[in-house]
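> Read in my numbering, the sequence shown has 310 at position 191, and its numbers run on one by one without any break.
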Amino acid sequence: MEQQRPYKAEAGVLDDELAVWAARIREVMAEHHIVLPEPTLVPLDGRVGVARLDRDAVAVEIVEAQGLKRSAWSRADLEAAAILAVEARVSGDPVAMDEAAVDVAARALALSQLLPGVAAGTPSAAVKWFTSVGVVERENELRAGLAALASADRLSVVEGAAGAGKTGSLAEHVAAASGAGRRVLVVAPTGAAANVAASQVSGVEASTIDRFLLRHGWDRNVPGAWEWVETTSPADVLPAGGWLVVDEAGMVSQDSARALVTTANAHGWHVRVQGDSYQFGAVGVGGVMDMAKQAADPGRVWLLDDANDVHRFRLRTGEKDTAYAAHSVALRTGADPEQAARTVMETALVYGSDAERAAVVADAWAGRAHAGTGLVIAGTNEQAQLLNGLIRDQLVAAGTITTGRQVTTTPLSGRWESETIRAGDLVATRVNAAGTDGSRYANRERWRVRNIDADGECGWSASMAPGQSTWTRRRPANMYSWPMP
Numbered sequence: 120m121e122q123q124r125p126y127k128a129e130a131g132v133l134d135d136e137l138a139v140w141a142a143r144i145r146e147v148m149a150e151h152h153i154v155l156p157e158p159t160l161v162p163l164d165g166r167v168g169v170a171r172l173d174r175d176a177v178a179v180e181i182v183e184a185q186g187l188k189r190s191a192w193s194r195a196d197l198e199a200a201a202i203l204a205v206e207a208r209v210s211g212d213p214v215a216m217d218e219a220a221v222d223v224a225a226r227a228l229a230l231s232q233l234l235p236g237v238a239a240g241t242p243s244a245a246v247k248w249f250t251s252v253g254v255v256e257r258e259n260e261l262r263a264g265l266a267a268l269a270s271a272d273r274l275s276v277v278e279g280a281a282g283a284g285k286t287g288s289l290a291e292h293v294a295a296a297s298g299a300g301r302r303v304l305v306v307a308p309t310g311a312a313a314n315v316a317a318s319q320v321s322g323v324e325a326s327t328i329d330r331f332l333l334r335h336g337w338d339r340n341v342p343g344a345w346e347w348v349e350t351t352s353p354a355d356v357l358p359a360g361g362w363l364v365v366d367e368a369g370m371v372s373q374d375s376a377r378a379l380v381t382t383a384n385a386h387g388w389h390v391r392v393q394g395d396s397y398q399f400g401a402v403g404v405g406g407v408m409d410m411a412k413q414a415a416d417p418g419r420v421w422l423l424d425d426a427n428d429v430h431r432f433r434l435r436t437g438e439k440d441t442a443y444a445a446h447s448v449a450l451r452t453g454a455d456p457e458q459a460a461r462t463v464m465e466t467a468l469v470y471g472s473d474a475e476r477a478a479v480v481a482d483a484w485a486g487r488a489h490a491g492t493g494l495v496i497a498g499t500n501e502q503a504q505l506l507n508g509l510i511r512d513q514l515v516a517a518g519t520i521t522t523g524r525q526v527t528t529t530p531l532s533g534r535w536e537s538e539t540i541r542a543g544d545l546v547a548t549r550v551n552a553a554g555t556d557g558s559r560y561a562n563r564e565r566w567r568v569r570n571i572d573a574d575g576e577c578g579w580s581a582s583m584a585p586g587q588s589t590w591t592r593r594r595p596a597n598m599y600s601w602p603m604p
């Protein structure tokens with residue numbers, strides 16, 4: 120049986136223990152005539168009084184932050200942001216703080232402007248009718264940068280459904296560029312996506328967008344927008360004529376894309392934008408894929424969005440699953456949601472109880488999921504943890520996960536709970552980090568535990584798709600989160 124989580128005392132038990140210790144400390148202080156000086160009441164969090172709050176500056180910051188998260192917002196959005204901003208910066212009388220929040224929200228509203236085409240008046244508090252000059256300027260700057268690339272025949276766009284061959288076409292592109300003596304650098308919004316590109320395309324360099332921009336003279340201001348801060352470039356900068364590939368561009372914000380395009384224009388790079396605007400959206404103002412398609416020459420835009428392009432899904436015989444390929448494209452576009460729902464329900468299975476359903480799922484997926492050929496998706500974290508536990512119990516019973524030496528991780532900053540890890544477990548990195556050997560580790564990257572030393576250090580090997588290369592690292596267990604069957 121799988122071990123339970125390390126014991127956690129109930130809140131009431133902790134309160135009782137703290138009371139006992141506090142009483143004992145008071146007794147010792149009284150016995151030895153120890154008198155502590157009266158504490159000086161100085162704010163430790165940098166908060167100021169209401170009178171010292173720079174309300175105009177806070178309002179400007181709120182509007183700028185709103186514009187980085189979305190292209191339009193409501194009066195309620197500004198009011199909520201003002202309350203949080205004042206609470207984080209001010210200490211004092213609650214009534215005065217409430218008045219300050221109302222005033223800051225009003226100033227932020229005055230800095231906002233109605234969207235084009237919206238009649239003047241007093242919009243409903245919940246309707247997102249406001250934008251800002253900053254939002255419009257960033258979009259205009261991005262469009263102008265893309266147009267400059269297109270006019271110099273240095274912009275191409277590849278959009279396709281999942282499994283439609285975007286990575287395969289990138290490999291062909293890299294091979295052709297290398298043959299012509301040109302370097303190719305791939306940037307992606309996440310470390311995991313950058314690592315996938317580097318592992319699947321031979322000879323390509325890859326980086327996260329944030330790391331790339333920081334190395335090329337950009338930095339984020341207080342609200343979080345990219346600003347050009349220095350003119351120096353890294354020693355290994357792409358030469359003029361090099362190719363910058365923006366992968367998973369549907370997840371890239373307009374602000375990040377603006378900085379990338381500005382840098383590409385300054386250095387004379389070609390830019391290839393690839394991704395799928397139907398997949399995960401940007402964390403911030405998106406629409407980058409659509410803007411790139413609008414700016415690029417039609418002959419430089421490739422759309423891999425037909426069911427015939429999708430090759431990822433296979434039958435047990437190894438042949439292409441054309442029916443599911445068509446279904447995946449239908450889900451992507453949402454053209455006929457009722458038919459898509461009927462297709463799903465035709466293969467649905469109903470069980471008599473939640474326990475029976477969970478047991479069947481765990482039994483069916485235990486081997487395949489651990490081997491990297493299957494995926495279990497649940498509606499809630501609790502359901503996922505239950506299924507993971509049931510699958511792991513079967514893997515322990517089968518000997519796939521050992522019952523020998525184990526290590527229990529220490530919770531980090533309250534972001535996740537402690538976990539017990541054994542050799543054979545499949546775990547996920549929970550931070551983007553660099554090791555002492557210079558190797559980089561991406562959030563959500565998966566690793567297989569090969570062995571555990573007596574000092575609790577684990578030997579990990581990268582868990583990748585079948586047929587791909589693997590590598591081994593030795594790292595402390597606290598870099599990783601819960602076991603992933």
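Even for Gly, the Cβ is constructed at its ideal location relative to N, Cα and C.
Alpha carbon to alpha carbon, what distance is there between residue 517 and residue 355?
Their Cα atoms are separated by approximately 50 Å.
> Taking DSSP as the reference, what is the three-state secondary structure of residue 504?
Three-state result, residue 504: helix.
> At which residue ranges does the region 314-366 contain complete beta strand (DSSP E) runs of 3 or more residues, listed in the order of the chain?
The region 314-366 contains these whole beta strand (DSSP E) runs: 324-327, 337-339, 345-347, 362-365.
> Could you work out which residue in 377, 478, 393 is closest to residue 403 when comparing CA atoms only?
The residue with the shortest Cα to Cα distance from residue 403 is 377.
> So which of 318, 298, 338 has the shortest CA-CA distance to residue 305?
Answer by Cα proximity: 318.
> Would you identify the three-state DSSP class for residue 389, choosing helix, strand or coil?
DSSP places residue 389 in strand when its eight states are reduced to three.
> Could you tell me the distance, in whole angstroms, from the CA atom of residue 277 to the CA atom of residue 387?
Whole-angstrom Cα-Cα distance: 20 Å.
> Who pairs with residue 232 in a beta bridge, going by DSSP?
Paired residue(s): 250.
> The alpha helix (DSSP H) with residue 181 in it runs from where to where?
Its alpha helix (DSSP H) spans residues 174-188.
> Is it buried or exposed, residue 507, if we count other Cβ atoms within 10 angstroms and call 16 or more buried?
Buried: at least 16 other Cβ atoms inside 10 Å.
> Let's test the definition: count the other Cβ atoms within 10 Å of the Cβ of residue 399 and tell me whether it reaches 16, buried, or not, exposed.
Residue 399 comes out exposed.
> State buried or exposed for residue 395, treating a residue as buried only when at least 16 other CB atoms are found within 10 Å of its CB.
It counts as buried.
> Is it the case that the region 285-300 contacts the region 454-465, given that we only count it when at least three CB pairs across the two stretches are under 8 Å?
Result no; under three Cβ-Cβ pairs closer than 8 Å.
> Taking the beta carbon of residue 513 as the centre, do at least 16 other beta carbons fall within 10 Å, making it buried, or is it exposed?
Looking at its Cβ environment, which holds 16 or more other Cβ atoms inside 10 Å, residue 513 is buried.
> Can you tell me whether residue 308 is buried or exposed, with buried defined as 16 or more other CB within 10 angstroms of its CB?
Its Cβ being crowded by 16 or more others within 10 Å, residue 308 is buried.
> Give me the DSSP bridge partner(s) of residue 277.
393, 421, per the DSSP bridge assignment.
> In angstroms, rounded to a whole number, what distance separates the CA positions of residue 358 and residue 364?
Taking the straight line joining both Cα atoms gives about 14 Å.
> Thinking residue 274 and residue 384 are a contact (beta carbons under 8 Å), I'd like their distance in whole angstroms, please.
So it is not a contact: roughly 10 Å between Cβ atoms.
> On the premise that residue 362 lies in contact with residue 301, defined as a C-beta separation below 8 Å, what is that separation, rounded to the nearest angstrom?
With a Cβ gap of about 6 Å, residue 301 and residue 362 count as contacting.
> So, helix, strand or coil for residue 570, using DSSP?
Correct three-state label for residue 570: strand.
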